[in-house]
Structures are given as structure tokens and as C-alpha cells.
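Chains as they are written, first to last, in the UniProt record's numbering: chain Z, 1 to 217; chain Y, 1 to 217.
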């Protein structure tokens, strides 16, 4: 096995380090965050840091740099409190990746990428029409990560839209039925397929699959 | 499309809500965090919240509840500052899931699940021998998420171990070559395969794949 130490990481060429460190923590979630400024400019950008924060209350978080390419996303959320999280699927990985280009602030990535904005109910922020799982979120708080000047934005999940066919009777959404992708590093898009789903683990009991049929017993 | 509102979420039965909210943010990273207490008890537990926090300095974060099943992980990290992050692969999803069972504090999940502890260099915390991508991490800080009493633990990545064959010349680790899995909700284990990898996006330029061969041009 190759071993890379802290001092190797420090001395690395910048892009090499970006690629290695972004891929070494495992697969990441693949989402488009969409917002609309107070003055009406929509914005959509790819994020790989959206993370489950808790179920009750339903919350998620994501990491951003206030002055990065995603600055419009952050500015619009601070102005309006609202944003949407939209899954990226196999059919739209090129369009999703293109949202990372540094467009001027008054240019909508929706126009430039072929992604379609859709407004649902009276929610301020646009959803991405091509997305099959969409969340309407409300800003709650932010935590400044002082070790590297990033921000963890924490939000409430207030609306969930999805095709009923991907939900199992116990509430679980089967994401490979929606064709949701995951991100490998900064720029790799992968399609997961379900291997197995297991029941709650208990000491001294074998792990039990959800898919073991009665007939097998 | 089915629409679920904030008040629907609040009124949901607890397990149904856990399944829905844990799966609606997309695929999650699949890692085993391993620690050893000051008195020498090893511990290993599955985590789906490990997230890239930055490349320079190389940092990751994960979310935990101080009093959850993962309390031993947190306690050991606070006592010793060190922990490892070990990718979960297709061949070990049952063992990884079993680490979530509520064993007594003095019982090592390594003994109970068949996962093997391995010590590398003079690093205090054990690595998981079955894991093909392993990170040695040092605690830096924690942020209390006051909206739901969870903690974001932030750590420096100080060691990286992997098989050289999965690294591309630009530093990127191809995770599907390692058979790394991703997690769907609380208990679904999925195997991603790479669809494509794209070059840096620029305004008014088409998205370019890394895999377009010269011969195709």
C-alpha cells in the first residue's frame, strides 16, 4: 500500500492535492442548489457536500466558501432564506457539471446549461425540473469553520417532492430507482446500484437483509 | 410527484421519518471510524456523514451525537485526539453494518464482526485491515450544532493509505476500482460505477470528458 504523510500532502502540487483529498473521503452526494436573489436573478450550482444533519427536526447542512464560485448561492440564501436541493441524475451530469463554470452574477446558469427552473407552491426559490427528488429548504444558521474559513450552512427541510414509485412502505427512498448519482472527487460522476439493505443491527444477531424472501427460509 | 410538507414531516411516525429524511439528501459516504481508548480498548463504528472540508490544509468532518451508539468513538477521540477513517467495500457491508449494534463499552466490535485491527507506524488508532483506502486523522475542533444538539467534529488528514493502482496521474483516486460503496439512507449499501469524469467547467465551453480518446477527435 502506498503511504502518504502529512508532510507529503503539504508539499504536493495544488491540483494533485485537490484531486487526492477530494476523493479520499469516499463518494459524495450529488446535488444542485438553486436560489433566486431578492431582485429576481435565479442561480443554480453543483454541490457535493450536502449532508444529513438530523431527522427530527428534518435538517441538512452543506459546506461553502463565502467567496467561491458558489458565492451567488450563499448571497441569495442570506438575502431570502430559501433554497432548493435537487438530486443529480445520470441524464443530467454534463449540465450539472457546467453549473460550476464562473458565469457573471447576472447570468442564470439555468439559461446556460439547459436546466429548467420550476416554481412549486409559493416557494421563493426555483426547483430544477429535471430532478426527480427535490427539497425545499429554509436557512437556519451557519457555523464558521475557523480552521479553513469555510461555512457550514444548516437548514430545515420544509418540502420534499419525489415520484411515489421510489418510496418503500417504511418511508425509505430507493435512490437507484431514481437514477441519482454520487460524486467521486471534484469531477467524477458515478451511478450507484443497490447491493443490499439490512435490518437494524443487534449484538450477537446475524445481519438480516430486507430482501431475504420467505421462500428462502 | 408526491409532495410532503413540513407539517407532514412533523406528524410522521418516527421510523418512517428516519427512513425518508435519511435518504432524501442523496447518497452518503460509507466509512468505518476506528479508535482506541486511553486504556487500550479498540472501537469501530459505521458512519455515513464523513465529508470533505478542504484540501489545504487537508481536512474532513463528521457529524455525531455525543450520547448515541457512537459515543465510544467520540469519547476515544476526545481522550486521544486520533482516529482512522476506513472505506467500506462491497465485500464487507455485513460486517460494517453489524458495527452499529449497541455492544457494551468494553466489547470490541473488531472481535464481534470479523473486521481486523491493524496498527501502522506509531499511529495510536487502529486501521481496518480489510479497507483499501484508509486515513489517519487528528482531532482539530468541534462545533456544536445547537439546532439539534449534534456535533460536527473537524479533523486533519495526516496519513493516507491506498493501493497505487487506483490513483490516476493527476492525484484522483478512482473509487470504483477500490469497490468503495455508498450508503442509501440508514441501511442501504450501494455500489457506484463511474459514468464519466469531466474537465474544469468554463463559461461558454462544452463540458469535456477525461475519457474522450484522441482517435475520436
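All C-beta atoms in this analysis are idealised placements derived from N, C-alpha and C, irrespective of residue type, glycine included.
Model, not experiment: these values are computed from the prediction.
Buried versus exposed, by CB contacts within 10 Å (16 or more), residue i
i	result
residue 49 of chain Y	buried
residue 56 of chain Y	exposed
residue 60 of chain Y	buried
residue 82 of chain Z	buried
residue 126 of chain Y	buried
residue 91 of chain Y	exposed
residue 1 of chain Z	exposed
residue 203 of chain Y	exposed
residue 192 of chain Z	buried
residue 216 of chain Y	Any reading at residue 216 of chain Y needs caution, since the residue's pLDDT is 47, under 50, leaving its predicted position unreliable; the model's value is listed next. With fewer than 16 Cβ atoms within 10 Å of its Cβ, residue 216 of chain Y is classed as exposed.
residue 111 of chain Z	exposed
residue 89 of chain Z	buried
residue 116 of chain Y	exposed
residue 67 of chain Z	exposed
residue 109 of chain Y	buried
residue 149 of chain Z	exposed
residue 165 of chain Z	exposed
residue 28 of chain Y	buried
residue 104 of chain Y	exposed
residue 170 of chain Y	exposed
residue 206 of chain Y	exposed
Residue i to residue j span [Cα, whole Å]
i	j	result
residue 173 of chain Y	residue 87 of chain Y	12 Å
residue 188 of chain Z	residue 37 of chain Y	37 Å
residue 209 of chain Y	residue 195 of chain Y	10 Å
residue 167 of chain Z	residue 201 of chain Z	22 Å
residue 141 of chain Y	residue 6 of chain Z	18 Å
residue 53 of chain Z	residue 13 of chain Y	19 Å
residue 40 of chain Y	residue 100 of chain Z	46 Å
residue 160 of chain Y	residue 118 of chain Z	43 Å
residue 77 of chain Z	residue 157 of chain Z	14 Å
residue 199 of chain Z	residue 11 of chain Z	45 Å
residue 226 of chain Z	residue 63 of chain Y	One cannot answer for residue 226 of chain Z here, as it falls past the ends of chain Z, which runs 1 to 217.
residue 136 of chain Y	residue 84 of chain Y	5 Å
residue 107 of chain Z	residue 72 of chain Z	11 Å
residue 153 of chain Y	residue 139 of chain Y	7 Å
residue 19 of chain Z	residue 185 of chain Z	6 Å
residue 212 of chain Y	residue 95 of chain Z	17 Å
residue 17 of chain Y	residue 25 of chain Z	27 Å
residue 43 of chain Z	residue 43 of chain Y	44 Å
residue 121 of chain Y	residue 162 of chain Y	15 Å
residue 30 of chain Y	residue 134 of chain Y	12 Å
residue 23 of chain Z	residue 182 of chain Z	12 Å
residue 151 of chain Z	residue 74 of chain Z	10 Å
residue 114 of chain Z	residue 79 of chain Y	52 Å
residue 33 of chain Y	residue 3 of chain Y	36 Å
residue 155 of chain Z	residue 146 of chain Y	12 Å
residue 98 of chain Y	residue 8 of chain Z	35 Å
residue 219 of chain Z	residue 131 of chain Z	Residue 219 of chain Z falls outside the range modelled here, since chain Z spans only 1 to 217, and no answer is possible.
residue 197 of chain Y	residue 15 of chain Z	15 Å
residue 65 of chain Y	residue 102 of chain Y	14 Å
N- and C-terminal bounds of the alpha helix (DSSP H) containing residue i
i	result
residue 47 of chain Y	Taken as a continuous stretch (DSSP letters only), residue 47 of chain Y belongs to no alpha helix (DSSP H), being part of the beta strand (DSSP E) at 42-47.
residue 71 of chain Z	71-80
residue 221 of chain Y	Summary: the structure shown does not reach residue 221 of chain Y, with chain Y confined to residues 1 through 217, and so no result is reported for it.
For residue i, the three-state DSSP class (helix, strand or coil)
i	result
residue 125 of chain Z	coil
residue 32 of chain Z	strand
residue 187 of chain Y	coil
residue 196 of chain Z	strand
residue 92 of chain Y	helix
residue 132 of chain Z	coil
residue 50 of chain Z	coil
residue 5 of chain Z	strand
residue 111 of chain Z	helix
residue 118 of chain Z	strand
residue 147 of chain Z	coil
residue 173 of chain Y	strand
residue 10 of chain Y	helix
Range covered by the beta strand (DSSP E) that runs through residue i
i	result
residue 210 of chain Y	Note, residue 210 of chain Y: premise wrong, no beta strand (DSSP E); not H, not E.
residue 160 of chain Y	150-162
residue 58 of chain Y	58-64
heavy atom of the ligand NAD below 6 Å from residue i C-beta
i	result
residue 161 of chain Z	Annotation note on the ligand NAD: not contained in the displayed structure, which lists no ligands.
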